[in-house]
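Residue numbers (the UniProt record's numbering): 1 to 645.
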């Protein structure tokens, strides 16, 4: 069970470990250390409440009432613990650009389109639930392909922790297929649950694409297409072959509810039945020695003797609508920063710690995601808007020699029609009713109503297909988080993140190649029409994330655009050298032996896979190291007596 407390109650107290953040990383570390008997304090900046049935349902109701279903739609704004939102970005015309408001101060040149939330459970509360593994070659791109950074730990060294993470998250997948893909090393391995069933659309893609060849002209490589299932942190049928058996964990507060995914199609931002895994499940495993306090915003890490740290300073607030707060402190033998990569960087910069390398805040990453959308021919309905956001993908463009020429990418076969690209299905309804006028803003003389509206919607929406193409962004020190406390502070007085972000030529080449490949995939699929359009509209306004790119001198120039994937990483990067990284392979800061910064911020690369699973494995590895450090610190001292040596 979870032992909750308040900031005022822990003021001045000492713990073995203080953990900042209650997302996947923080919850995994807290769970592990609590089971070892250590006294742990978890401080969460955001609201609680979702750890009860009634509180979670209130969040579901908030999502249901939201006009625009963006990733943060289920979570109310918080003046004391603000967080970014994709709606903070707006496009501008002539030249195409953007404006931004909200938590981030963005200096460009391009927008950082990823958001997160500060709430109990962290950004995992609005994640999609995808848990693909990184490929072994993702850990050594500098050696293999002469770009990016190598990891100080290999896929083989992490394997044990990846398996534990898949168990604790509750993963469903086809291990045999993943072994064939090269990401699972053991042909006899099994996931805890069987693969989430494929959608009707997935089978159509497999039937029309498997075995066909697509040439990536920019990479100079021919790729054989094959549709693979996606491993997911989502309740499915228990796998009878899994070692020891497995029972899916249901809803917090109603354990027999939510034991299977029922296809609500709202995984991002919220699963109404809690079949999608979240850190709330881990928090139910906390022992009594783990105390959790919400609405406690950490403002800085407190220095100790020498190069050690002694605790944290934080502010507790009562009403999320107002930033009124009270300062407190708590101390510990070890401090673990487990917030979002951007928030960890802000906290380290504000504390003036762990930055002897000058790399705190640097190497900000994401998966710039290009969308491509088309419509299947008459008589070929694919049945979108059923099930998770995607259940399959095309993996071949992730690996191999092609990434030596351009950034690799992973193609997700979307299950939600043109939802991300155009706002379907509501945008289709509005267009047919004539809302908003025509493309030039002129009032339409006639709309479609009644049975004709229903029939046309059923036909057109039923044939929508969309590809979400996530492109690898390697660690570039020019992409960074900084602070300027004199000019930019939030409601409780903490520095706001200032982001400098761009896509270098290698990444832009990857987006370019992804667009060209998507055209060939649609042709092989036999679509009626490719509707993909990334350039400026009739009003001169281009999408947020727009750029024009020519991959080769004298070659074709394309209008392109990307979205944020919600995969923020980098900012306190991992490495073996204190001069070129912030943390070591255990995510312990090089500069302070009892300060850890865990999470996606430590990752030297993110490949083309959603980073949650790898982050969780790293957190479990760090938890073991922290336990060993604490055991050594608290080891009884044996005093020598006279006559002994």
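For every residue, glycine included, the Cβ atom is placed at its ideal position computed from N, Cα and C.
Beyond the five residues adjoining it in sequence on each side, residue 45 comes within less than 6 Å, by CB distance, of 81, 118, 297 in the same chain, given in chain order. Shown here for residue 393: same chain residues with a beta carbon closer than 8 Å to its own, the five before and five after excluded, namely 227, 228, 230, 410, 411, 412, 413 in chain order. Using a 10 angstroms sphere on the CB of residue 26, the tally of other CB atoms reaches 16 or more, which defines it as buried. By the Cβ rule, the stretch 348-365 does not count as touching the stretch 235-244, because fewer than three pairs are nearer than 8 Å. Per DSSP, the beta bridge partners of residue 314 are 298, 328. Burial check for residue 99: the Cβ neighbour count within 10 Å stays below 16, so the residue is exposed. When DSSP states are grouped into helix, strand and coil, residue 16 belongs to the strand group. Counting along the chain, no beta strand (DSSP E) covers residue 143; the unbroken alpha helix (DSSP H) around it starts and ends at 141-145.
Under the 10 Å beta carbon count, residue 129 is surrounded by 16 or more other beta carbons and is classified as buried.
For residue 35, the three-state secondary structure derived from DSSP is helix. Inter-segment contact for the stretch 85-97 and the stretch 501-516 is absent: fewer than three beta-carbon pairs are separated by less than 8 Å. When the beta-carbon positions are compared, residue 526 and residue 377 come within less than 8 Å of each other. Between the alpha carbons of residue 563 and residue 552 lies a gap of roughly 24 Å.
Within the same chain, Cβ atoms closer than 8 Å to the Cβ of residue 463 are found at 375, 376, 377, 378, 380, 381, 382, 528, the five residues on either side in sequence being excluded. If the five residues before and after residue 541 are omitted, its C-beta is found closer than 6 Å to the C-beta atoms of 91, 93, all from its own chain and listed in chain order. Taking the C-beta atoms as reference points, residue 434 is found nearer than 8 Å to residue 447. Each residue's CA atom was taken as its position, placing residue 3 and residue 498 some 35 Å apart.
According to the DSSP assignment, residue 370 belongs to the beta strand (DSSP E) that extends over 369-375. Taking each of 156, 557, 165 in turn and checking the Cα distance to residue 186, the smallest one comes out for 156. About 18 Å separates the beta carbon of residue 627 from that of residue 309, a gap too long to meet the 8 Å contact definition. With 16 or more neighbouring CB atoms inside 10 Å of its own CB, residue 252 falls in the buried class. In the structure shown, residue 109 falls within a strand segment according to DSSP collapsed to helix, strand and coil. DSSP places residue 563 within a strand segment (E or B) once states are collapsed to three. When the beta-carbon positions are compared, residue 500 and residue 478 come within less than 8 Å of each other. Leaving aside the five residues that flank residue 428 on each side, the residues in its chain whose CB is nearer than 7 Å to its CB run, in chain order, 457, 460, 461. For the beta strand (DSSP E) assignment, the uninterrupted runs of no fewer than 3 residues enclosed by the stretch 536-607 are, from N- to C-terminal side, 546-550, 557-561, 595-597.
Residue 108 and residue 480 have their C-alpha atoms some 11 Å from each other.
Straight-line measurement puts the Cα of residue 403 at about 40 Å from the Cα of residue 629. Here residue 608 is buried, its C-beta having at least 16 other C-beta atoms within 10 Å. Listed in chain order, the non-local C-beta contacts of residue 88 below 6 Å within the same chain comprise 100, 101, 102, local neighbours out to five positions each way being set aside. In the DSSP assignment, residue 481 is bridged to 499. Between residue 232 and residue 71, the beta carbon gap of about 17 Å keeps them out of contact (Cβ cut-off 8 Å).
Distance from the Cα of residue 399 is smallest, within the candidate group 472, 430, 421, 344, for 472.
A distance of 8 Å or more separates the beta carbons of residue 613 and residue 29. With distances taken between CA atoms, residue 449 lies nearest to 431 out of 256, 466, 431. Residue pairing by DSSP places residue 413 opposite 392, 467 in a beta bridge.
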